[in-house]
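Quick notes on the structure that follows.
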Amino acid sequence: MKEIRTKKDFHVSEFELVMALSEAADLICPELGMHQMQVAYIAVRIGEALDLSGEQKNELIMAGLLHDIGGISLKERLSLSHFEEVEKFYRHAEIGYLLLRSFEPLSDVATLIRFHHVPWSNGSGSTFKGHQVSMGSHILHLADRVAVLINKQKEVLGQTVGICETIGKLSGEMFMPELVNAFKTLEKEEFFWFDIVSPSIDSILAEKIRTKIIELDMERLISLSSIFSKIIDYRTKFTVTHSSGVAAVARTLARLVGFSDLECLMMEIAGYLHDLGKLAVPTEILEKPAKLTDEEFNIIRKHTYYTYNVLRHIDALDIIAEWASFHHEAVDGSGYPFKIKGQNLILGSRILAVADVFTAIMEDRPYRKGLPSDETLNILQQMVNNKKLDSYIVSLLKDHFEEVNSKRLASQKVSVDEYKQIILPYV
Ligand SMILES: [Fe+2]
Ligand SMILES: [Fe+2]
Ligand SMILES: [Fe+2]
227 MKEIRTKKDF HVSEFELVMA LSEAADLICP ELGMHQMQVA YIAVRIGEAL
277 DLSGEQKNEL IMAGLLHDIG GISLKERLSL SHFEEVEKFY RHAEIGYLLL
327 RSFEPLSDVA TLIRFHHVPW SNGSGSTFKG HQVSMGSHIL HLADRVAVLI
377 NKQKEVLGQT VGICETIGKL SGEMFMPELV NAFKTLEKEE FFWFDIVSPS
427 IDSILAEKIR TKIIELDMER LISLSSIFSK IIDYRTKFTV THSSGVAAVA
477 RTLARLVGFS DLECLMMEIA GYLHDLGKLA VPTEILEKPA KLTDEEFNII
527 RKHTYYTYNV LRHIDALDII AEWASFHHEA VDGSGYPFKI KGQNLILGSR
577 ILAVADVFTA IMEDRPYRKG LPSDETLNIL QQMVNNKKLD SYIVSLLKDH
627 FEEVNSKRLA SQKVSVDEYK QIILPYV
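Take the position in the sequence shown, starting the count at 1, then add 226; the result is the number in the working numbering.
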């Protein structure tokens with residue numbers, strides 16, 4: 227029943243993955259467009275004007291791409307575009323830091339993000355609550371405020387004088403004067419502004435980072451995917467542990483099916499990222515305590531489409547993208563959104579579909595409590611009878627129920643503990 231890879235291991239460019247994940251995180255707030263990419267671009271241009279090192283500039287790009295990942299709800303994201311409400315901003319910056327700091331290749335980037343809303347306050351902003359605030363954080367702060375001042379509905383060049391005046395007035399109080407001066411060297415260049423609002427900003431950033439390509443091995447790939455699963459899951463308290471449960475179940479089922487060690491790890495990643503596209507679904511729909519309307523369900527149906535769109539651009543993740551994104555397809559072709567059917571629905575996607583349904587049924591949801599194991603297995607069997615789920619995978623799950631379920635529980639327990647540490651102090 228094997229399906230793929232002969233390669234022993236594979237590597238993914240850290241930048242490529244961070245770009246994709248950044249794009250996904252910006253789906254939370256379409257009103258702000260590609261905000262994180264824009265901040266990354268403005269920050270690196272200020273870094274260039276200051277003649278910073280290649281490594282510092284790379285860090286600015288990475289930090290820009292991820293700086294708002296701690297802003298988990300749409301409401302919170304939108305409030306970040308209000309120019310004056312800086313005091314309220316520390317929460318998402320701290321959460322972003324707490325999420326990223328355990329990921330060693332980006333631990334410095336995490337620190338930049340932590341302080342990206344600290345005002346300069348005529349010099350006292352060089353520290354915050356006893357911590358040193360680096361110039362990189364102040365660059366991000368300035369870049370972020372420039373980005374939110376741009377009205378995306380209007381032509382950009384007509385706005386630059388006003389934006390530069392606003393920033394200039396806040397030099398010293400809000401922003402480091404040295405950085406405002408560096409920014410002023412850019413403001414006359416039309417292409418600076420055109421780049422910021424360009425739909426090809428991703429390739430512009432890719433050119434800027436090319437000096438240093440860092441590759442992630444499997445362990446780091448899993449670790450970054452697990453961080454992103456938290457951003458997906460923490461948006462509502464009902465799914466806090468969902469993706470980590472799905473990842474554990476999918477990995478265990480993959481092993482029982484006979485997948486190689488590498489494939490089992492890939493399945494774990496697919497589990498972490500399968501609901502990535504849910505970032506585009508408003509929290510009110512995810513948390514609705516009643517049956518969804520047709521329109522709401524149509525919005526939900528987009529999520530796997532977005533998961534696919536985000537992941538498929540990363541060459542090395544092609545198989546993972548398929549496993550992850552086809553988890554709502556059905557054996558008889560009646561699933562969504564690709565209507566894949568029969569043999570075309572590959573085994574990994576079938577495993578993930580079973581892992582997703584199994585985990586979801588056993589969890590508490592806004593409209594019901596988690597179901598007991600016998601009822602869960604009955605529902606899975608009905609879905610097999612109705613040609614929705616793969617019969618072989620479900621029979622494996624039944625035969626190894628205790629093992630699979632204990633892996634799910636252990637993984638979800640770790641996730642609850644992490645949630646308590648990272649988010650609960652801030653709600
Ligand atoms: Fe922010
Ligand atoms: Fe899903
Ligand atoms: Fe799911």
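A virtual CB, placed ideally from N, CA and C, is assigned to each residue, including glycine.
Taking the C-alpha atoms as reference points, what is the distance between residue 416 and residue 639?
Each residue's alpha carbon lies about 52 Å from the other.
Rounded straight-line distance, which links the Cα of residue 520 to that of residue 559:
Looking at the two C-alpha atoms, the distance is approximately 20 Å.
Sufficient close CB pairs (3 or more, under 8 Å) joining the segment 395-405 to the segment 362-372
Using a C-beta cut-off of 8 Å, the segment 395-405 makes contact with the segment 362-372, since at least three inter-stretch Cβ pairs fall below that distance.
When DSSP builds the beta bridges, which residues end up paired with residue 661?
Look at the range of the chain in this structure, 227 to 653, and you will see that residue 661 is not part of it.
Which listed residue (513, 488, 631 and 603) has its alpha carbon closest to that of residue 545
Checking every option, the nearest Cα to that of residue 545 belongs to 488.
For the segment 530-569, which segments carrying the alpha helix (DSSP H) assignment without a break, of at least 4 residues, lie completely within its bounds, in sequence order?
Entirely contained in the segment 530-569, the alpha helix (DSSP H) runs reaching 4 residues are, in chain order, 544-551.
Taking just the CA atoms, how far does residue 505 sit from residue 251?
A straight line joining the alpha-carbon of residue 251 with that of residue 505 spans about 6 Å.
Which class does residue 602 belong to by DSSP, given the choice of helix, strand or coil?
The answer is helix: DSSP assigns residue 602 an H, G or I state.
Relative to ligand 5, what is the chain-ordered list of residues with a Cβ closer than 7 Å to any of its non-hydrogen atoms?
Of the ligands this structure carries, namely ligand 1, ligand 2 and ligand 3, none is ligand 5.
Beta-carbon contacts of residue 615 that lie in its chain and below 8 Å, excluding the five residues immediately before and after
Within the same chain, residue 615 has close Cβ partners 556, 557, 576, 579, 580, 583, 606 and 609.
Determine, using beta carbons only, whether residue 288 and residue 427 come nearer to each other than 8 Å.
Contact flag unset, no.
According to DSSP, residues forming a beta bridge with residue 397:
Residue 397 is bridged to 401.
In the DSSP assignment, what are the bridge partners of residue 358?
Checking the DSSP bridge columns, you'll see residue 358 partnered with 353.
Let me check one thing: in DSSP terms, what residues is residue 327 bridge-paired to?
Answer by DSSP bridge pairing: none, since residue 327 is not bridged.
Three or more C-beta pairs below 8 Å linking the segment 324-335 and the segment 369-377:
No: fewer than three Cβ pairs fall under 8 Å.
Have a look at residue 470 and residue 445 and give me their C-alpha separation to the nearest angstrom.
Their Cα atoms are separated by approximately 16 Å.
Which residues does DSSP pair with residue 591 in a beta bridge?
Among the bridge pairs identified by DSSP, residue 591 is matched with 594.
Other residues of its chain near residue 654: CB distance less than 8 Å, five sequence neighbours each side excluded
With the chain running from 227 to 653 in the structure shown, residue 654 is simply not present.
Just to check, is the beta-carbon of residue 554 closer than 7 Å to a non-hydrogen atom of ligand 2?
Within the cutoff, so yes.
Please confirm whether any heavy atom of ligand 2 lies closer than 7 Å to the CB of residue 530.
Taking 7 Å as the cut-off, the C-beta of residue 530 counts as close to a heavy atom of ligand 2.
Would you check if there are 3 or more beta carbon pairs closer than 8 Å linking the segment 429-436 to the segment 272-287?
As far as the Cβ criterion goes, the segment 429-436 touches the segment 272-287, which means the pair count is three or higher.
Could you tell me if the beta carbon of residue 655 falls within a distance shorter than 7 Å of some heavy atom in ligand 3?
Any question about residue 655 goes unanswered here, given that the chain covers just 227 to 653.
At a cut-off of 7 Å, is residue 500 close to ligand 2 when judged by its beta-carbon and the heavy atoms of the ligand?
Yes.
State whether the segment 348-359 contacts the segment 374-391, with contact taken as three or more CB pairs (one from each stretch) at a distance under 8 Å.
Note that the segment 348-359 does not touch the segment 374-391; fewer than 3 beta-carbon pairs, one per stretch, sit closer than 8 Å.
Range covered by the alpha helix (DSSP H) that runs through residue 468:
Taken as a continuous stretch (DSSP letters only), the alpha helix (DSSP H) holding residue 468 covers 468-483.
What whole-angstrom Cβ distance do residue 269 and residue 286 have, given they're in contact under 8 Å?
About 4 Å separates the two Cβ atoms, so the contact holds.
If we call anything under 8 Å between Cβ atoms a contact, is residue 630 one with residue 246?
Their beta carbons are not under 8 Å apart, which means residue 630 does not touch residue 246 by this criterion.
Do you know how far the Cα of residue 457 is from the Cα of residue 648?
Pairing residue 648 with residue 457, the inter-Cα distance amounts to about 11 Å.
Comparing alpha-carbon positions, which option in 567, 569 and 495 lies nearest residue 550?
Checked all of 567, 569 and 495; the closest Cα to residue 550 is 495.
Quick check: residue 475 and residue 633, are their CB atoms within less than 8 Å of each other?
Contact check for residue 475 against residue 633 passes: the beta carbons are separated by less than 8 Å.
Going straight from the alpha carbon of residue 569 to that of residue 553, what length do you get?
Cα to Cα, the separation comes out at about 15 Å.
Using 7 Å as the cut-off, classify the Cβ of residue 359 as near or not near the heavy atoms of ligand 3, replying yes or no.
The beta carbon of residue 359 sits no closer than 7 Å to any heavy atom of ligand 3.
Below 8 Å between beta carbons: does that hold for residue 335 and residue 292?
Yes, Cβ-Cβ distance for residue 335 and residue 292 is below 8 Å.
Reducing DSSP to helix, strand and coil, say where residue 370 ends up.
Helix at residue 370.
For a test of the three-state rule: what should DSSP assign to residue 519, helix, strand or coil?
Correct three-state label for residue 519: coil.
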